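Q:
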């Protein structure tokens, strides 16, 4: 005999753009360019077992709610939006006991002086995921992804174990490049008053500053440096999770052509790549609960 | 104060192609076209905290081991390969207590009669993930992804709750299309003798047959039908997890052009899409442990 | 002073799916899964110079015409559809003197026995481009793209010039893999009676058979073999253009691990890749005119 | 009978990163992050017809030459690199009469104060294509791609013809968004002394300024405005070609939810999209020759 296990459903990748007309500095427009995904769970055995949809709020209705809420709230921070949306689904749909809302935000830079012209930034994607559970409460995890950075020096890698399959040479000067994918979990007590915009700004600057300022012996060390810098700079957060692909830049052997390559010419390889994943926690971090599910 | 949390590292997306020369039917070649990712965890605080790499087997060495093992084992099933590789890292590297190996396999169809010519199938990707933990033991989760299927009829969707944001019309005849992403967990007692190739073949046929043979009232119902069919057909497995994007085909309104659209012309939309995720379990399924981590 | 040069505009990537209800063998459904792009040119200086849109049929109207024509024509071959659509725009819009219609078709394989269930084939994309010009007439170029094929042997590469930057070893036995991107131009006199479906079927079989049956000394030689085989097999066509990326499979050096690699373990590299492009023409091929623009 | 038509071959997507150590302002490093593609043509019938490779410089040797030249030239502008490379192949390989070199350059922004830390810019890709032909001479076409811009107002679209398939409403206030893909052809007489870096900088600023400063009645009008502004600002160039996808932002109908949508909430659609392509030429532009092939 078989049974229905954990399940959820929703609308993925709703590309809503909310323009705050005159809502910015000096009356300029504000753009909230979002990719919103919703996911609901609760008492949904009926639709799985018999196709009884009496408890299944259509994903189309979820999408419509996203648009309507974008109108109602204005060009707010993505965390504000996701919190309100998650709460709405759980409170308004009796069978639904949990809602997970994810938002990707794409940045735009003002151009011209008219207040209505913009160029897409392209340097990173801002993210947030809110889980609102009727029993377990609410969590907020925000972050960035695809922030590509490089140190052309100040990186070593040596002292590693050698086994029968080790051919890698030790190096005291290599290029270190990665795409920073980082998420930070907010402390529950900080959520009601958190200044989401300021945290987004400070975290980006902390990541850039720490990456540039860390002399590295391994990408794991850089991961820990980034995580601990974020935790010490932003008291509202208690845990940082990072996934750092090692974007390998291999030095090209130019000796066959009678040339010396003194750390000048590299091949940027696509695959395979090292992938370093890890968490850095405050000692007093509360349990994560459903935050990372 | 902060601390190192859960972490792991490895080499992602190693594109190894193993050709079994004359290993196939009638002496034809066999192609194993794989995308292998490794990930190790254990006593790795040193490299995070101080850059001490004495316990960090380089991801480059992991990659080399993949190539060497592909040579040694021959053109075996991906589960056989992943089990051996995961076990190797944990048994040979004292600080490493857990290894996760993922393999994607791309299929090739023989062409011509020479036994050495092939065309890439392109209909799906076969997957497997093995976790080998020094304490918790070994798990195997295999599956398929990106198998795109469509029923042009035999699908209804109605009876759902209507709220203030519901505009969707009920329908008794719609196109149902999805990309089947399914993973099944093997029972521990079945792993030593499982016939991986046969399971891969039967599961694909079961998915196709069940999709075609199920009259559907919701995509959740289809998910459950797929999962329960797999469990009843393949005794070696105890849990199936599925992620089914609803690849919306919207009927185009041709009335403005004086035409009736009797389920003939559709717009295949990209985003947003419904996303239905769920698990189907055997009643006697043992605990999953680390299998899905 | 500056002037408006060559220009065109249209709607790109209209994802129309036409289901021919009961139109297939034994009353099964037929799926035409298309990605249609339109492009119009003509007397369009006004909109460029002053924003006078009186001659600019909106791309939205072009899209609507695609849907309506799909209804009217039924589940026809893509060439039939593109010819009708191109002709429509030029004949119905006085300022428009040229229309280019491109269609990508994705294949579906019947599953189950109900006549309404399908799985996406995924092995290749069928293409066609029709140019209809008020003065120059009409051309049809059809083809396939992304048909990935591999010979595990029967390929050599040697005898090439060596310069100061040559390190490549000669080889008498290598893996040859490519993604066949091929387009064939129809003879004007063959267009009125061409059997598009049969040509699509024969060309695919000819490409697969020729690839498998050709012992190759260079990818250029394979390109010519493919082109000339198509021309000799399909009298309706007079020119074939091919773009063949050399999907490099590099033999992995296992000697450091004490293993011999006798053409068994390869690394499938992403970038860079060789790219071989060329045309094969019938001696009596008429001028191409606008066919390839 | 069939014959070999036009053909070429080369190495595509060579991901070379050239670091100019201390070559930047105040002794900081300079990064040239390039994706280089080579393509050669000439007397290549032999390899097509018989597999005689005696005139086929391997694409692997071409790749090696890219790396070696990157070393020799230093962290130069991409045009300088492409000109030298194209010339090299034609002058050093007797059978080769034409070389086409394309370079994509990805930008990096300095971070930290150390002179060796960078973040990838992500706002656009800089491009150049050089064609060097033994007979026809040399051309340089440079440009940018994927520069995404948006005006939240100052865009109208009306006055277009209505046919039987027109349902689009006229609008006097819409969002205008596009990804600017623009290429400019240099005047032959300007090439020897052109300041490539300055042109790259001025063109970007001109595009941003013109986009922000143009009140638009059609995307074609914007295309012409961009092209003519570039031509009048940069005397070194004589022709600009642009491809502007209309990245549709559709206003969402919130009336069913009792809400007014006064240009605030939009759906950013993926496909289909309008695509406007065109050229703007100086009246005295010389013939393009092979520049755009």
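Residue numbers (this note's numbering), protein chains in the order written: chain F, 616 to 908; chain U, 616 to 908; chain X, 616 to 908; chain D, 616 to 908.
No residue lacks a Cβ here, since even glycine has one placed at the ideal position from N, Cα and C.
Owing to the predicted nature of the structure, the values given are computational and were not obtained by experimental measurement.
Looking at chain X, is there any beta carbon in it that lies within less than 8 Å of the beta carbon of residue 775 of chain F?
A: The residue given as residue 775 of chain F occupies position 160 in the first chain. With 8 Å as the cut-off, residue 775 of chain F does not count as an interface residue toward chain X.
Q: Helix or strand or just coil, what does DSSP make of residue 668 of chain F?
A: As a first step, residue 668 of chain F must be located in the first chain, where it is residue number 53. Note: residue 668 of chain F maps to coil in three-state DSSP.
Q: Can you list the residues of chain D that residue 747 of chain F reaches, using a CB-CB cut of under 8 Å?
A: Here the question's residue 747 of chain F lines up with position 132 in the first chain. Per Cβ cutoff of 8 Å: no residues; residue 747 of chain F is ~22 Å from chain D at best.
Q: Any C-beta of chain D sitting closer than 8 Å to the C-beta of residue 881 of chain F?
A: Sequence index remark: in the first chain, residue 881 of chain F carries index 266 (1-based). It does; some Cβ of chain D falls within 8 Å.
Q: From U:661, U:904, U:618 and U:872, pick the residue whose C-alpha is nearest to that of residue 780 of chain D; which is it?
A: Position 165 of the fourth chain, counted from the start, is the residue given in the question as residue 780 of chain D. Checked all of U:661, U:904, U:618 and U:872; the closest Cα to residue 780 of chain D is U:872.
Q: Okay, do the segment 884–893 of chain F and the segment 834–846 of chain X touch, 3+ Cβ pairs below 8 Å being the bar?
A: Because the criterion of three Cβ pairs below 8 Å is not met, the segment 884–893 of chain F and the segment 834–846 of chain X do not touch.
Q: So for residue 808 of chain D, helix, strand or coil by DSSP?
A: Along the fourth chain, read from residue 1 onward, the residue named residue 808 of chain D stands at position 193. Three-state DSSP puts residue 808 of chain D in a helix.
Q: Quick one: measure Cβ to Cβ for residue 891 of chain D and residue 624 of chain X, integer angstroms, because I've assumed they're closer than 8 Å.
A: Stepping through the fourth chain from its first residue, residue 891 of chain D is reached at position 276. Stepping through the third chain from its first residue, residue 624 of chain X is reached at position 9. The Cβ separation is near 5 Å, so the contact holds.
Q: What residues are listed by DSSP as bridge partners for residue 634 of chain F?
A: Locating residue 634 of chain F in the first chain gives position 19, counting from the first residue. Partner(s): F:646.
Q: Which stretch, first to last residue, makes up the alpha helix (DSSP H) that contains residue 834 of chain F?
A: Here residue 834 of chain F corresponds to residue number 219 of the first chain, with the count starting at 1. It spans 834–848 - the alpha helix (DSSP H) in which residue 834 of chain F sits, taken as one unbroken run.
Q: According to DSSP, is residue 823 of chain F helix, strand or coil?
A: Translated into the one-based positions of the first chain, residue 823 of chain F becomes position 208. Helix at residue 823 of chain F.
Q: Can you tell which of F:683, F:740 and F:753 has the C-alpha that lies nearest to the C-alpha of residue 701 of chain F?
A: Along the first chain, read from residue 1 onward, the residue named residue 701 of chain F stands at position 86. Cα-wise, what sits closest to residue 701 of chain F is F:753.
Q: For residue 793 of chain X, which of X:784, X:773, X:739 and X:814 has the nearest alpha-carbon?
A: Working through the third chain from its first residue, we reach residue 793 of chain X at position 178. That would be X:739, whose Cα lies nearest to the Cα of residue 793 of chain X.
Q: Which chain X residues are close to residue 885 of chain F, counting only those with a beta carbon under 8 Å from its beta carbon?
A: Here residue 885 of chain F refers to the residue found at position 270 when the first chain is read from its first residue. Ordered by position in chain X, the residues that pass the 8 Å Cβ test against residue 885 of chain F are 885 and 886.
Q: Which of the three DSSP states, helix, strand or coil, is assigned to residue 767 of chain U?
A: Within the second chain, residue 767 of chain U is the residue found at index 152, counting from 1. Of the three classes helix, strand and coil, the one that applies to residue 767 of chain U here is coil, per DSSP.
Q: Please confirm whether residue 659 of chain F has its beta-carbon closer than 8 Å to some beta-carbon of chain D.
A: Here the question's residue 659 of chain F lines up with position 44 in the first chain. Chain D contact via Cβ: absent.
Q: Going by C-alpha to C-alpha distance, which of D:802, D:827, D:851 and D:822 sits closest to residue 902 of chain D?
A: As a position in the fourth chain, residue 902 of chain D is number 287, starting the count at 1. The candidate whose alpha carbon is nearest that of residue 902 of chain D is D:802.
Q: Using a 10 Å radius around the Cβ and a threshold of 16 neighbouring Cβ atoms, would you call residue 837 of chain U buried or exposed?
A: In the second chain, residue 837 of chain U corresponds to position 222, counting from 1. Under this definition residue 837 of chain U is a buried residue.
Q: Give me the subset of the segment 749–779 of chain D whose CB atoms are less than 7 Å from a CB atom of chain U, sorted by chain position.
A: Here the close residues are 779.
Q: With distances taken Cα to Cα, identify the nearest neighbour of residue 814 of chain F among F:755, F:771 and F:864.
A: To locate residue 814 of chain F, count along the first chain from 1; it is residue 199. Residue 814 of chain F has its Cα closest to that of F:755, out of F:755, F:771 and F:864.
Q: Does DSSP put residue 641 of chain F in a helix, in a strand, or in coil?
A: Your numbering for residue 641 of chain F matches position 26 in the first chain. Helix, per DSSP.
Q: Quick one: what's got a C-beta closer than 8 Å to residue 893 of chain F's C-beta in the same chain, skipping five residues either side?
A: Counting from one through the first chain, the residue named residue 893 of chain F turns up at place 278. So the list reads 835, 838, 839, 842, 856 and 857, once near-sequence residues are dropped.
Q: Tell me, which residues are paired with residue 865 of chain U by DSSP?
A: Against the second chain, residue 865 of chain U aligns to sequence position 250. Its beta-bridge partners are U:882.
Q: Where does the unbroken beta strand (DSSP E) through residue 717 of chain X begin, and where does it stop?
A: Taking the first residue of the third chain as 1, we reach residue 717 of chain X at position 102. Segment 711–725, the beta strand (DSSP E) holding residue 717 of chain X.
Q: In this structure, does DSSP put residue 789 of chain X in helix, strand or coil?
A: For this step, residue 789 of chain X is matched to residue 174 along the third chain. The answer is coil: DSSP assigns residue 789 of chain X none of H, G, I, E or B.
Q: Does any C-beta atom of chain C lie closer than 8 Å to the C-beta of residue 663 of chain F?
A: Any reference to chain C falls outside this structure, whose protein chains are F, U, X and D.
Q: Mapping the DSSP letters down to three states, classify residue 802 of chain F as helix, strand or coil.
A: By 1-based counting over the first chain, the position of residue 802 of chain F is 187. Three-state result, residue 802 of chain F: coil.
Q: So residue 708 of chain D is in the alpha helix (DSSP H); what residue range does that whole segment cover?
A: In the fourth chain, counting from the first residue as 1, residue 708 of chain D sits at position 93. Premise fails: residue 708 of chain D is in no alpha helix (DSSP H) and is neither H nor E.
Q: With 8 Å as the threshold, decide whether the Cβ of residue 839 of chain F is near any Cβ in chain U.
A: Locating residue 839 of chain F in the first chain gives position 224, where the first residue counts as 1. Interface residue, yes.
Q: What residues in the segment 696–729 of chain F bring their beta carbon closer than 8 Å to a beta carbon of chain U?
A: So the list reads 707 and 708, given in the order they occur along the chain.
Q: State whether the segment 662–680 of chain F contacts the segment 824–833 of chain U, with contact taken as three or more CB pairs (one from each stretch) at a distance under 8 Å.
A: The segment 662–680 of chain F, when compared against the segment 824–833 of chain U, does touch it at the 8 Å Cβ threshold.
Q: Kindly identify the DSSP beta-bridge partner or partners of residue 617 of chain D.
A: Here residue 617 of chain D corresponds to residue number 2 of the fourth chain, with the count starting at 1. DSSP lists X:897 as partners of residue 617 of chain D.
Q: Between D:704, D:788 and D:852, which has its C-alpha nearest residue 807 of chain D's C-alpha?
A: Counting from one through the fourth chain, the residue named residue 807 of chain D turns up at place 192. If we check each option's Cα against that of residue 807 of chain D, D:852 comes out closest.
Q: Go through the segment 738–783 of chain X residue by residue and report every complete run of the alpha helix (DSSP H) that reaches 4 residues or more, in order.
A: The segment 738–783 of chain X contains no whole alpha helix (DSSP H) run of 4 or more residues.
Q: With a threshold of 8 Å, are at least 3 pairs of Cβ atoms found where one atom belongs to the segment 860–867 of chain U and the other to the segment 704–715 of chain U?
A: Because the criterion of three Cβ pairs below 8 Å is not met, the segment 860–867 of chain U and the segment 704–715 of chain U do not touch.
Q: Answer yes or no: does any C-beta atom of chain X fall closer than 8 Å to that of residue 872 of chain U?
A: Within the second chain, numbered from 1, the residue matching residue 872 of chain U stands at position 257. Yes, because at least one Cβ of chain X sits closer than 8 Å to the Cβ of residue 872 of chain U.
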